[in-house]
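Numbering (numbering that gives the first Met the number 0), first residue to last: 0 to 270. Ideal placement from N, C-alpha and C gives every residue a C-beta, glycine not left out.
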Amino acid sequence: MKKNMYRVLVTAALLTGMNSVANAQLQGLINRGKQALKNEVKKEAKKEIKEQGLNALTKVSGKESSFSSNGHTYTQKGTLSIKTYNPAATGMVTFTNVPSNYEEFEEVYTKFLGQTPYGVAAMMPMAMEIYGRDRAEGEKCIRLINYPSNVNSILSQLKEKFGTSQYAPENDSYHQRYLPAAVLEGATPQNAYTPKYPYTVNMRASVNKHQDMQLYDGRVMYIYMMGKGWDTEQRSIEVIQVNEGELFKVFNCPALYTQCKNIKGTWEGLK
């Protein structure tokens, strides 16, 4: 674009020896060329400012913070933001233990992890693990961090995946009690889904941009949760914030309880 404009200006300048009518026409061409070049410069300047803004947002929101409850430590760090879509944004949550009960889970959610989109996303495998240990406690946790329309599908699927029945006996690969570990860093089918410690959930921005949902009166953002339990090695999870400043909730997450790769060995569980 710039090269073309320069050529126009140079050509016009060379032709200024023509008559007055031609000169007037050429002067108009020169003026239009200058204006087009000026507009192009402005456009590039705006693009640079936008990129600088995204970089600044990354630096500010990427600061690591920690929270302790019941002797357990939770840490989060990320640049995933509900306000601005950044395709390079990431999120990371680490924790020394799965919350021991609903009270600890609620405190971690309301005072810390529920305040960021990647924080609440990382609480889903925690809630799934609690459900695997205690159905009643786990259901309360799932209801706490999920948008109402997402609760029943999670519970119905986990009941089948974590329970035993004529459709899922203990020796059936459909029964996958280890699902919560499949998205933790270091866990693979080959090592019996044994994650690195402390446990880490890594996330990054989805290719899908944020979407304002008029029907649900909120804004939804799409996040990829990384995990070796599936061929794609990424699980899509949707997070919603109804009003600015409110805690985030999980809007949709079927990929987290979709059948993962069969385990090799015996799962030792999570702390």
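State buried or exposed for ARG31, treating a residue as buried only when at least 16 other CB atoms are found within 10 Å of its CB.
By the neighbour-count rule (16 or more Cβ atoms within 10 Å), ARG31 is not buried but exposed.
Compute the distance between the beta-carbons of VAL206 and VAL119, then report whether it is under 8 Å.
no
Should SER64 be labelled buried (16 or more other beta-carbon atoms within 10 Å of its own) or exposed?
exposed
Please work out which residues of its chain come closer than 7 Å, Cβ to Cβ, to ILE141, disregarding the five sequence neighbours upstream and downstream, and give them in chain order.
ALA126, TYR130, VAL150, ILE153 and LEU154
Based on Cα-Cα distance, which residue from GLY137, ALA191, VAL249 and GLN156 lies nearest to GLY81?
As written in the sequence, residue 81 is Ile, which differs from the Gly given in the question. Comparing Cα-Cα distances from ILE81 to each of GLY137, ALA191, VAL249 and GLN156, the minimum goes to VAL249.
Would PRO179 and LEU269 be called neighbours here (beta carbons separated by less than 8 Å)?
Contact flag set, yes.
For the alpha helix (DSSP H) containing TYR130, name the first residue and the last one.
According to the DSSP assignment, TYR130 belongs to the alpha helix (DSSP H) that extends over 116–132.
Rounding to the nearest angstrom, what Cα-Cα distance links CYS252 and SER235 in this structure?
Taken atom to atom, the span from the alpha-carbon of CYS252 to that of SER235 is near 7 Å.
Determine the contact status of PRO188 and PHE94, defining contact as a CB-CB distance below 8 Å.
no
How many angstroms separate the CA atom of GLU232 from the CA atom of GLU267?
22 Å
Classify LYS260 as helix, strand or coil using the three-state DSSP reduction.
coil
Can you give me the C-alpha to C-alpha distance between LYS263 and THR193, rounded to a whole angstrom?
11 Å
Check whether the stretch 87–107 and the stretch 69–79 touch, using three or more Cβ-Cβ pairs below 8 Å as the test.
yes
My output table needs one value for GLN213: the three-state DSSP class, helix, strand or coil.
In the structure shown, GLN213 sits in coil (DSSP, three-state: anything other than H, G, I, E or B).
Whole angstroms is fine: what's the gap from THR89's alpha carbon to GLU159's?
32 Å
Determine the extent of the beta strand (DSSP E) in which GLU237 is found, giving its start and end residues.
Unbroken beta strand (DSSP E) run through GLU237: 233–240.
Can you tell me whether ASN201 is buried or exposed? The criterion is at least 16 other CB atoms within 10 Å of its CB, across all chains shown.
buried
Report buried or exposed for ASN242, applying the criterion of at least 16 other Cβ atoms within 10 angstroms of its Cβ.
Classification of ASN242: exposed, given that the 10 Å Cβ count is below 16.
What is the rounded straight-line gap between the Cα of THR78 and the Cα of GLU136?
Approximately 31 Å, taken between the alpha carbons.
Since GLN258 contacts GLN156 with CB under 8 Å, what's their CB separation in whole angstroms?
Rounded, the Cβ-Cβ distance is 10 Å, inconsistent with contact.
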